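Protein chains: 2
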Amino acid sequence: MTRAQQRVRAAYEAIARAGRPEVWITLRDEHDVTAEARQVDARAAAGHALPLAGTLLAVKGNIDVAGLPTTAGCPSYAYRPARDAPAVAALRAAGAIVLGTTAMDQFATGLTGTRSPHGAVASALAPDRIGGGSSSGSAAAVALGLADLALGTDTAGSGRVPAAFQGVVGLKPAPGLIPTEGVVPACASLDCVSVFARTLPEARRALTLLASPTAPPRRPGPWRIAVPPTAQLGELDDGWAAAYEAAARRLAAAGAELRPLDLTPFTETAELLYGGAFVAERYAAVGAFVDRGGPDLDPTVAGIIRAARDIPAHRLAADRERLAVLRGRAAAELGDADALLLPTTPGHPTLAEVAADPVGTSTRLGRFTNSANLLGLCAAAVPGGSVAGRPFGVMLLGPAGTDERIAGIAALLEPPLRLAVVG
Amino acid sequence: MTRAQQRVRAAYEAIARAGRPEVWITLRDEHDVTAEARQVDARAAAGHALPLAGTLLAVKGNIDVAGLPTTAGCPSYAYRPARDAPAVAALRAAGAIVLGTTAMDQFATGLTGTRSPHGAVASALAPDRIGGGSSSGSAAAVALGLADLALGTDTAGSGRVPAAFQGVVGLKPAPGLIPTEGVVPACASLDCVSVFARTLPEARRALTLLASPTAPPRRPGPWRIAVPPTAQLGELDDGWAAAYEAAARRLAAAGAELRPLDLTPFTETAELLYGGAFVAERYAAVGAFVDRGGPDLDPTVAGIIRAARDIPAHRLAADRERLAVLRGRAAAELGDADALLLPTTPGHPTLAEVAADPVGTSTRLGRFTNSANLLGLCAAAVPGGSVAGRPFGVMLLGPAGTDERIAGIAALLEPPLRLAVVG
C-alpha cells in the first residue's frame, strides 16, 4: 500500500474504534475511498504538486460531494449532486481524500449539534456536553482524529462554536470569499464555507487553497487587539471571564497592544440575526420543503423556519438599513485594530441543558459569533485554554481579507497545555 | 448688481413669466436668494475658485436644503432640516445658488409627475403630455430655463424619465456614489441622487463635483455599444422604434461599433422592481406615516405603499437571490461593451391617459429604466431626436463608475435639431 492508502486504512480503523457513528451522515465505503487514495498516490508519483496529498477530509452534510447525498441533516430533503461544490473540488484537486459527509444541525439551523434526526454530537473533550453546531460532525471528526481536515459552514457561528467545544481550530473568511455554490443555503446572504483542523498551520494551508483574500494595508507597529470590558460580555459560565482575560494577557505578553473597545455595535448586530428579520432567508431557502412536512424534520428547526414565513419584508428592509448603520459604528470602534478578541461562546451547556431549552441555549451560544457575517468580518476560533478541565475557545475577528493576519495573531494564543482527546 | 445677483433677478422674472407655479414646492423669497448670490459674488471677488458661481440650482423636494421644509411632495410629512444634504452642500460650495425645492411624485413613488397634491407637471415641450417623474419639478425647471441645474433622485428612473419628457439631460451615477444622506428614502438600497441640465457639459461638470467614480479599464478600440433587437423592446409608441434605431445609427456613424445584446436579463430585472418585493423598502421608509393617513396623501402613492406592508420577507430574500443571478447574466450580456443603448421610455403618455390609468401607465414607463439601480449601473438620459414633434429620449447604461465614459458617448447622440421650448 502506498502512503494515502495507508492513511485511509488507518482512518477506517480509527472510525471503527471511536464508536461515534453519529458523527457521519454518509461514511463512504472504504473501497471507494481507497480507490480515490490510489489515484492521489498515482498523481503524486507522477510528479503533480499536491499540497494536501493524502489529507483525510470530512465534509459537512450541506455541501455537495459528487455522488453522495446532500441531506443538510434531513434525509427526506436529499439530492445527489453530480459535481463537488467548488470548495470540495479545490481541496480534492490538492490531494485531499473525502471520507464522507458529516452530521449537522438540520438545515444549519442551530449552534448546538443536537438538532438532528441522527442524534446529538457530544463534545470529544466533555462527553456530557454538547459538541456544538451546526457543523457538529465536521468538528468532531477532526477532534476525534478521524479526519485531518473538515469543511463546515458558518452563518451565525456554525464554523466556530463547534471548534470551541471540540478544542479544534475553526477558520471562517468573510462572506463571499469562498464560493457557496453547491451549499444548501441557510441565510444565503451570510453563509460562509469554513475549515476545521487540529492545528492552525493545517487550517491555514487549507484556507489558502479555498480563498484569495486581499488584506487591507495595516499601520506598522505591534498587533493592536481590541478587548471589550469583561462586563460588556454579559452573563458567562463560571470561570469564563478569567479564561478570557488570561487569553488577552497571553497576547499582551506576546507583544500585542491591547486597547479597549465598546462592544455595543457588535452586540446589537448579533441580536439582529436571531431577533430580526434575516431569519426569513431561511424560509426562502427551504421553507416550501419544511411546510410540506416530513417525518425526519427536527421539530425545533421546523418551528424556527415556519415562524419566519410571516415576517414582513419591510422589517427585513429596515433591518438592512439598521445593519448599515451598525456596520459603520462597528468599523469606527475597530478603528485600526487588527482584531477583536472575544470568547467564542458565553459558556458550554450540557446535553441535558440543551434538551430542556433547545432554543434559549442555542440563541445564547451565538452572542459573540452572530455579528461576524453581518459585519463582513473574518474569524479565527482557536483553543484558548480550559475551564474546569473543559475546553475554552477564543475568537479573533478581523476585517474582510485579513484571514492570514488574524490566524497569525491566533497562533500567539496557543494555550499553555493542550487537552487530551477523550473520545 | 454683480453677476450672480443679476442672474437671480433674471431667474425670478423668468419664473413669473413662465406661470408654472406647480414646478415648485418651495420657491425661496427672492431677497434671501439675492443675499446668497451676493455672498457668492463676494467669494468669487475674493479669489475663491467657484466652478458653479452663479449657477441657479433647483432641488427636488425630497432632498434637504437647510431651512426649507423637506416635504417629499407631502406637506404634512414636512420637516425643516438644519443642514443641506451633502449633494446640495457640494454644489453650493462650488457657487451654485438654490432657488427652491421642486415638485415631485409624492415620496418619489411614480414616474409620471402627476402624483402630487400640488397638481401635475406637464411636459414643457408637449403641454398635453406628462412631464415625467418623480423628479418632475427639477426637470421642468431646467427645461423651462428657470434654473440652470437641478438635483433629482432616481430609484426606478426618476432622474431619467422626466429628462426624456422635458428634453433635457439627466445623469445618474451607480447607487452609492453620491451620498443619500439628507434624502427621504424611496427604496433606500437603490436610491441615487441625479442631476439635470440643459446640456451635457453642464450636467457632467455638476456630476464631477458630486461623485468621484472610478471607471474600470476598457479594452482599446472604438466605443462598443450593445443594442438589443428592437423586437425585444416590447410594445412602443408609434414612431418610437424608428427614433431608437436612428439614434443607434448616429452612434455607428460617429464610429461606434454596435453589437447585439439579449435584453432578457435586463427586462427580468426591471420587472423585479415593481413586480417583486423591493417595494417593501418604501413601506420601511414611510409606511408608518402613510398608515396614519393624511388629507394630502396622494391616493395612488398611498395605495402602493400600503400594499407593500404585507409582502413577506422571504420573498424579498428570494428576490435578492434572483437579482444576484440576474446581475451575473446581465454582466455577461454586456461583456466588454461600453454601454447599452435603450430608449429612456417606451412612449410618452398624455395627462389624460395617466389620469385614466395611474398605475398601469407609470409601470410601463419604467420598462427600460427600472433595471439600472438593481444592476448597479450608471446612466445618461439625453435628448435623442423627436417623434411627431415631441421629444424622444435615449439612454446609455454603463458599468458603475463609467459616468464620464457614457456621457462622452452620449455627446455623440446630439440630435440633428434641438426642439424649441414652448413653455
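Protein chains in written order, with the working numbering: chain R, 16 to 438; chain A, 16 to 438.
Ideal placement from N, C-alpha and C gives every residue a C-beta, glycine not left out.
Since the model is a prediction, treat every value here as computed from it, not as a measurement.
Coarse secondary structure for residue i, derived from DSSP in three states
{"i": "tryptophan 1 of chain R", "result": "The structure shown does not extend to residue 1 of chain R, since chain R is modelled only from 16 to 438, so the question has no answer here."}
{"i": "alanine 303 of chain R", "result": "helix"}
{"i": "arginine 107 of chain A", "result": "helix"}
{"i": "glutamate 45 of chain R", "result": "helix"}
{"i": "aspartate 169 of chain R", "result": "strand"}
{"i": "alanine 31 of chain A", "result": "helix"}
{"i": "proline 101 of chain R", "result": "helix"}
{"i": "isoleucine 193 of chain R", "result": "coil"}
{"i": "leucine 65 of chain A", "result": "coil"}
{"i": "leucine 392 of chain A", "result": "coil"}
{"i": "glutamate 296 of chain R", "result": "helix"}
{"i": "leucine 432 of chain R", "result": "Legend: pLDDT at leucine 432 of chain R = 48, less than 50; position of this residue unreliable, value from coordinates given subsequently. Here leucine 432 of chain R sits in coil by DSSP."}
{"i": "serine 91 of chain R", "result": "helix"}
{"i": "threonine 85 of chain A", "result": "strand"}
{"i": "valine 437 of chain R", "result": "Legend: pLDDT at valine 437 of chain R = 45, less than 50; position of this residue unreliable, no value from coordinates given."}
{"i": "leucine 71 of chain A", "result": "strand"}
{"i": "leucine 287 of chain A", "result": "helix"}
{"i": "alanine 57 of chain A", "result": "helix"}
{"i": "alanine 25 of chain A", "result": "helix"}
{"i": "alanine 212 of chain R", "result": "strand"}
{"i": "glycine 400 of chain R", "result": "strand"}
{"i": "glycine 423 of chain A", "result": "helix"}
{"i": "proline 406 of chain A", "result": "strand"}
Residue i and residue j closer than 8 Å at C-beta
{"i": "aspartate 120 of chain R", "j": "glycine 148 of chain R", "result": "yes"}
{"i": "aspartate 127 of chain R", "j": "valine 340 of chain R", "result": "In the sequence as presented, aspartate is not what sits at residue 127 of chain R; that position holds threonine. No; because the gap between Cβ atoms is not below 8 Å, this pair is not in contact."}
{"i": "threonine 359 of chain R", "j": "valine 176 of chain R", "result": "yes"}
{"i": "valine 136 of chain R", "j": "alanine 158 of chain R", "result": "no"}
{"i": "asparagine 77 of chain A", "j": "valine 242 of chain A", "result": "no"}
{"i": "alanine 179 of chain A", "j": "proline 406 of chain A", "result": "yes"}
{"i": "alanine 323 of chain R", "j": "arginine 297 of chain R", "result": "yes"}
{"i": "lysine 75 of chain A", "j": "threonine 49 of chain A", "result": "no"}
{"i": "proline 237 of chain R", "j": "alanine 271 of chain R", "result": "yes"}
{"i": "aspartate 353 of chain R", "j": "isoleucine 424 of chain R", "result": "yes"}
{"i": "aspartate 418 of chain A", "j": "leucine 186 of chain A", "result": "yes"}
{"i": "leucine 392 of chain R", "j": "alanine 189 of chain R", "result": "yes"}
{"i": "valine 409 of chain A", "j": "alanine 262 of chain A", "result": "yes"}
{"i": "leucine 428 of chain A", "j": "glycine 399 of chain A", "result": "yes"}
{"i": "glycine 249 of chain A", "j": "arginine 382 of chain A", "result": "yes"}
{"i": "alanine 299 of chain R", "j": "glutamate 283 of chain A", "result": "no"}
{"i": "leucine 355 of chain A", "j": "leucine 276 of chain A", "result": "yes"}
{"i": "glutamine 181 of chain R", "j": "alanine 155 of chain R", "result": "yes"}
{"i": "leucine 224 of chain R", "j": "leucine 106 of chain R", "result": "yes"}
{"i": "threonine 279 of chain R", "j": "glutamate 260 of chain R", "result": "no"}
Integer-rounded CB distance, given that residue j should sit under 8 Å from residue i
{"i": "alanine 101 of chain R", "j": "threonine 41 of chain R", "result": "A small correction: the amino acid at residue 101 of chain R is proline; alanine does not occupy that position in the sequence shown. 20 Å between Cβ atoms; not a contact."}
{"i": "proline 132 of chain R", "j": "aspartate 334 of chain R", "result": "Contact doesn't hold; Cβ gap of about 31 Å is too wide."}
{"i": "serine 151 of chain A", "j": "phenylalanine 211 of chain A", "result": "Not confirmed; about 11 Å, so no contact."}
{"i": "arginine 239 of chain A", "j": "arginine 264 of chain A", "result": "Between arginine 264 of chain A and arginine 239 of chain A the Cβ distance is about 16 Å, and since that is not below 8 Å, they are no contact."}
{"i": "leucine 338 of chain A", "j": "alanine 292 of chain A", "result": "Not a contact, Cβ separation roughly 10 Å."}
{"i": "leucine 411 of chain R", "j": "alanine 394 of chain R", "result": "7 Å"}
{"i": "threonine 17 of chain R", "j": "arginine 130 of chain R", "result": "Contact doesn't hold; Cβ gap of about 40 Å is too wide."}
{"i": "valine 55 of chain R", "j": "valine 80 of chain R", "result": "At roughly 16 Å, the Cβ-Cβ gap does not stay under 8 Å, so valine 55 of chain R and valine 80 of chain R are not in contact."}
{"i": "alanine 402 of chain R", "j": "glycine 254 of chain R", "result": "In the sequence on display, residue 402 of chain R carries valine and not alanine. At roughly 4 Å, the Cβ-Cβ gap stays under 8 Å, so valine 402 of chain R and glycine 254 of chain R are in contact."}
{"i": "alanine 201 of chain R", "j": "threonine 124 of chain R", "result": "7 Å"}
{"i": "proline 364 of chain A", "j": "arginine 35 of chain A", "result": "Actually they do not touch by this definition, with Cβ atoms about 20 Å apart."}
{"i": "leucine 67 of chain A", "j": "arginine 58 of chain A", "result": "The pair is not a contact, with the Cβ atoms about 11 Å apart (cut-off 8 Å)."}
{"i": "glutamine 20 of chain A", "j": "alanine 52 of chain A", "result": "5 Å"}
{"i": "proline 228 of chain R", "j": "leucine 205 of chain R", "result": "The Cβ separation is near 17 Å, so there is no contact."}
{"i": "proline 414 of chain R", "j": "proline 231 of chain R", "result": "6 Å"}
{"i": "tyrosine 94 of chain R", "j": "phenylalanine 304 of chain R", "result": "The pair is not a contact, with the Cβ atoms about 11 Å apart (cut-off 8 Å)."}
Please determine if the segment 110–127 of chain R and the segment 376–393 of chain R are in contact, where contact requires at least 3 C-beta pairs separated by less than 8 Å.
The segment 110–127 of chain R, when compared against the segment 376–393 of chain R, does touch it at the 8 Å Cβ threshold.
Would you list, in sequence order, the uninterrupted beta strand (DSSP E) runs of no fewer than 3 residues that lie entirely inside the segment 312–385 of chain A?
354–358
Kindly confirm or deny that the segment 57–75 of chain A and the segment 160–168 of chain A touch, where touching means at least three C-beta pairs closer than 8 Å.
yes
Segments of 4+ residues assigned as alpha helix (DSSP H) that fall wholly inside the segment 115–195 of chain A
Under the rule that a run must span 4 or more residues, the alpha helix (DSSP H) segments found entirely inside the segment 115–195 of chain A read 151–158, 176–181.
In chain order, which alpha helix (DSSP H) runs of at least 4 residues are fully inside the segment 221–275 of chain A?
255–268
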